[in-house]
Amino acid sequence: METDVQVSQLEDALIRQAESLAREQRQNAESARTRILKEGADRLKLFTDREALAARVEAERLVRRQVQAAEFRMAAELDRLRWALTEDILSGMQLAFRHLVEDDLRYLELLEGWLASAARTLPAGDLIAEVRDQDRPRLEPAWAAMIERAAPGRKVELQSLGSMGEGGIRVLLADRRAQIDQTFEARRSRLADELAREAMEHLFASTPNLGALLHG
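Heads up: the sequence shown begins at 1 in this note's numbering, then just goes up one per residue.
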């Protein structure tokens, strides 16, 4: 009888131990499940974050490329417009200068002014004034009076520059150590860079300013 009781107690203890072990296993399994789910969620979030970061970096790279391409296109178009406008301005100046050359009074006054400016700028000494072949007959009748007004006290010899060019005057020291070139071509060359800058600044201006070339 006592043995049956001991066996029954042993069975109860084993059952309790088994139930406790089962509970522990369930708890461990639940903890492992929770840990696995959390690790999976963390890995998924990390992957998602990395993918999002990669996508953002790629999007920014594409935007930069598109912006740079747009800037290059804009720069090229502005450069084309700048040079086109510069050429238009130069053409307009050339036409205006041709009209001025045809006006004896205005043209001779302009040459006298340039001669006076050169005489004030160049060192002391005899001068040579060179003009186009076709301009020389226009200047010779009034040359002495022009020298008296523009370069008083200085000898200025009138010489031919040749038949090429739009007009203007080149004034040199007699020994040719220094000169001031006020021919149209020289003035246009000196003003080319400034004209390009002006064209960019006044890209949409409707009327070019011709005063700098004609009277500056």
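Glycine included, C-beta positions come from ideal geometry on N, C-alpha and C.
Predicted, not measured: the structure shown is a model, and the values here were computed from it.
Could you check what DSSP says for residue i in three-state terms: helix, strand or coil?
i	result
Trp54	The question names Trp, but residue 54 is Ala in the sequence shown. Here Ala54 sits in helix by DSSP.
Glu148	helix
Glu166	coil
Ala178	coil
Arg132	strand
Check whether the Cβ of residue i lies closer than 7 angstroms to any heavy atom of the ligand SAM, and answer yes or no.
i	result
Ile147	In the structure shown, the ligand SAM is absent, as is every other ligand, since no ligand is present at all.
Going by DSSP, what residue range makes up the alpha helix (DSSP H) through residue i?
i	result
Arg106	104 to 121
Arg136	136 to 139
In whole angstroms, what is the alpha-carbon distance linking residue i and residue j?
i	j	result
Glu148	Asp133	22 angstroms
Thr183	Ile169	5 angstroms
Ile128	Trp143	12 angstroms
Arg43	Arg65	32 angstroms
Glu109	Arg80	37 angstroms
Glu60	Glu24	53 angstroms
Arg50	Val57	10 angstroms
Leu173	Glu140	20 angstroms
Glu119	Met146	The sequence shown places Ala at residue 119, not Glu. Spanning the two alpha carbons is a distance of roughly 12 angstroms.
Arg197	Leu191	10 angstroms
Ala69	Ala55	21 angstroms
Ser117	Tyr107	15 angstroms
Thr48	Ala84	53 angstroms
Ser20	Ala29	14 angstroms
Buried or exposed: residue i, going by 16 or more other Cβ atoms within 10 Å of its Cβ?
i	result
Phe97	buried
Arg187	buried
Val156	buried
Val131	buried
Gly125	exposed
Ile93	According to the sequence shown, residue 93 is Met rather than Ile. Classification for Met93: buried.
Met164	exposed
Val67	exposed
Ala151	buried
Val101	buried
Leu62	exposed
Leu53	exposed
Leu195	buried
Gly153	exposed
Pro208	Note that Pro208 scores 49 on pLDDT, short of 50, meaning its location in the model is unreliable; the coordinates nonetheless yield the value given after this. The residue is buried, with at least 16 neighbouring Cβ atoms inside 10 Å.
Out of the options, state which residue places its alpha-carbon closest to the alpha-carbon of residue i.
i	options	result
Trp114	Phe47, Leu105, Val101, Val171	Val171
Ile180	Ala145, Leu111, Tyr107, Ala41	Leu111
Arg136	Arg64, Ala54, Arg106, Ser160	Ser160
Glu166	Leu46, Leu105, Ala178, Leu95	Leu95
Ser220	Ala116, Asp103, Glu87	Residue 220 is absent from the model: the chain starts at 1 and stops at 216.
Arg138	Asp104, Gly162, Gln17, Pro123	Asp104
Thr121	Leu158, Ala178, Arg16, Arg26	Ala178
Arg176	Glu185, Pro123, Gly162	Pro123
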